[in-house]
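Read through the structure below, which is laid out as structure tokens, and then see the notes.
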Amino acid sequence: MNLKPYSLVRPVVVRTPRPVVLSPNCIAPRLIRNLLDLPTSRLDFHVCPAEKLAEGDPSAPHAQEYPVSRTVPQDERESGRIRMIREAMEKNKHCLLELGVHSVRELIKNEIYPIVIHVEVTEKNVRGLRSLLGKAGQRYSEVLKVCRDAEQALHTLPCSWACVEPHSWSHTEELPKVVRGYIFQEQTRPLWIEEGD
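The opening position of the sequence shown corresponds to residue 1 in the UniProt record's numbering, with each subsequent residue numbered one higher.
Here's what the structure looks like:
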């Protein structure tokens with residue numbers, strides 16, 4: 001369990017498949033696609049593409065690529081995004097969200113309790129993640145900095161999250177299977193939420 005020390009927490013048990021937020025963002029989109037390529041994954045997972053989710057959040061990283069109508073009030077756009085996530089959850093599948101960790105607070109405020117999984121990236125395994133990186137030619141030092149920043153952002157979350165340790169996988173073909181196992185494992189555990197959030 002990864003929460004701030006000495007914070008008051010409460011357990012939340014969710015019976016329906018919870019949505020999934022993967023971190024760091026630099027590997028999440030391709031990791032989601034690799035998860036969907038696993039046998040039987042389409043029975044367990046549904047993806048909520050970034051462009052559809054960005055329609056409900058003009059501050060989302062992809063919002064500039066997918067413009068939002070300015071005529072729709074902010075509350076309606078946000079409720080549209082939350083509604084889309086709830087509809088995906090009602091399909092009795094885990095919704096793989098192409099959202100960053102920055103969106104977790106909003107989900108929790110709307111009583112949507114995501115599974116947050118962080119893949120720890122180190123100097124030893126960063127080279128093996130080359131196929132999951134979105135930008136070709138990115139320096140490994142830049143990738144490591146982005147991943148460390150993502151991990152720091154996780155420590156500010158008001159909920160527990162899981163970390164995929166570097167020793168739990170040896171190559172990128174194995175990583176989606178390991179992440180899938182973590183998703184199912186986290187689904188069975190209570191989510192710990194800080195009081196007041």
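Here a beta-carbon is modelled for each residue, glycine too, at the ideal position from N, C-alpha and C.
| C-alpha gap between V146 and E194, whole angstroms | Locating residue 146 in the sequence shown gives position 146, where the first residue counts as 1. Locating residue 194 in the sequence shown gives position 194, where the first residue counts as 1. C-alpha separation (whole angstroms): 26 angstroms.
| message | Can you check which of these residues, R30, S7, V119, is closest to S23 by C-alpha distance? | response | The count along the sequence shown starts at 1 and reaches residue 23 at position 23. When each option's Cα is compared against that of S23, the closest is V119.
| request: Just the C-alpha distance for R86 and I117, rounded to the nearest angstrom, thanks. | output: Indexing the sequence shown from 1 puts residue 86 at position 86. Indexing the sequence shown from 1 puts residue 117 at position 117. Each residue's Cα considered, the two are about 20 angstroms apart.
| request: Compute the distance between the beta-carbons of T16 and M89, then report whether it is under 7 angstroms. | output: Counted from its first residue, the sequence shown places residue 16 at position 16. Counted from its first residue, the sequence shown places residue 89 at position 89. Yes.
| field | Exposure of G100, with buried meaning 16 or more beta-carbon neighbours within 10 Å | value | Stepping through the sequence shown from its first residue, residue 100 is reached at position 100. Flag for G100 reads buried.
| said: By the DSSP assignment, the beta strand (DSSP E) with C48 in it spans what residues? | reply: Residue numbering aside, residue 48 sits at position 48 when the sequence shown is read from its first letter. 45-48 is the span of the beta strand (DSSP E), which, as asked, contains C48.
| What's the gap between the Cα of residue 269 and the Cα of R30? | A query on residue 269 cannot be resolved here, the shown segment of the chain reaching from 1 to 197 and no further.
| query | So what does DSSP say about residue 223, is it helix, strand or coil? | reply | The chain is shown only over 1 to 197; residue 223 falls outside these bounds and no answer can be derived.
| task | Would you decide whether S160 is buried or exposed? Buried here means 16 or more other CB atoms lie within 10 Å of its CB. | result | Here residue 160 is taken as the residue at index 160 of the sequence shown, counted from 1. Buried is the call here.
| Spatial neighbours of V20 in its chain, beta-carbon cut-off 6 angstroms, leaving aside the 5 residues before and after | By one-based count along the sequence shown, residue 20 stands at place 20. So the list reads H94, L96, I115, I183, once near-sequence residues are dropped.
| query | How would you write the range of the beta strand (DSSP E) that V116 sits in, first residue to last? | reply | On the sequence shown, position 116 is the one that residue 116 refers to. Segment 115-119, the beta strand (DSSP E) holding V116.
| query | Residue range of the alpha helix (DSSP H) that E194 falls in? | reply | Along the sequence shown, one-based indexing puts residue 194 at 194. First-last for E194: 191-194, but that is the beta strand (DSSP E), not the alpha helix (DSSP H).
| Distance, D37 Cα to T156 Cα | Position 156 of the sequence shown, counted from the start, is the residue given in the question as residue 156. Position 37 of the sequence shown, counted from the start, is the residue given in the question as residue 37. Each residue's Cα considered, the two are about 32 angstroms apart.
| request: Given a cut-off of 7 angstroms, decide if V126 and L144 are closer than it, judged by their beta-carbon atoms. | output: What you label residue 144 is simply residue 144 of the sequence shown in a count that begins at 1. What you label residue 126 is simply residue 126 of the sequence shown in a count that begins at 1. Against a cut-off of 7 angstroms, the Cβ pair of V126 and L144 comes out as a contact.
| said: Between R105 and P158, how many whole angstroms is the CB-CB distance? I'm expecting something under 8 angstroms. | reply: Counting from one through the sequence shown, the residue named residue 105 turns up at place 105. Counting from one through the sequence shown, the residue named residue 158 turns up at place 158. Going by Cβ atoms, the distance from R105 to P158 rounds to 6 angstroms, so yes, they are a contact pair.
| query | Under a three-way DSSP split, which group does H167 fall into? | reply | Here residue 167 corresponds to residue number 167 of the sequence shown, with the count starting at 1. It is helical.
| message | Quick check on H102: does DSSP put it in helix, strand or coil? | response | For the purposes of this step, residue 102 is taken as residue 102 along the sequence shown, with counting starting at 1. Reduced to three states, the DSSP call for H102 is helix.
| query | Would you say T172 and L133 are within 7 angstroms of each other, going by their C-beta atoms? | reply | Translated into the one-based positions of the sequence shown, residue 172 becomes position 172. Translated into the one-based positions of the sequence shown, residue 133 becomes position 133. Contact flag unset, no.
| Shortest alpha-carbon distance to T122 belongs to which of H167, L191, L154? | One-based indexing of the sequence shown puts residue 122 at position 122. Of the listed residues, the one whose Cα sits closest to T122 is H167.
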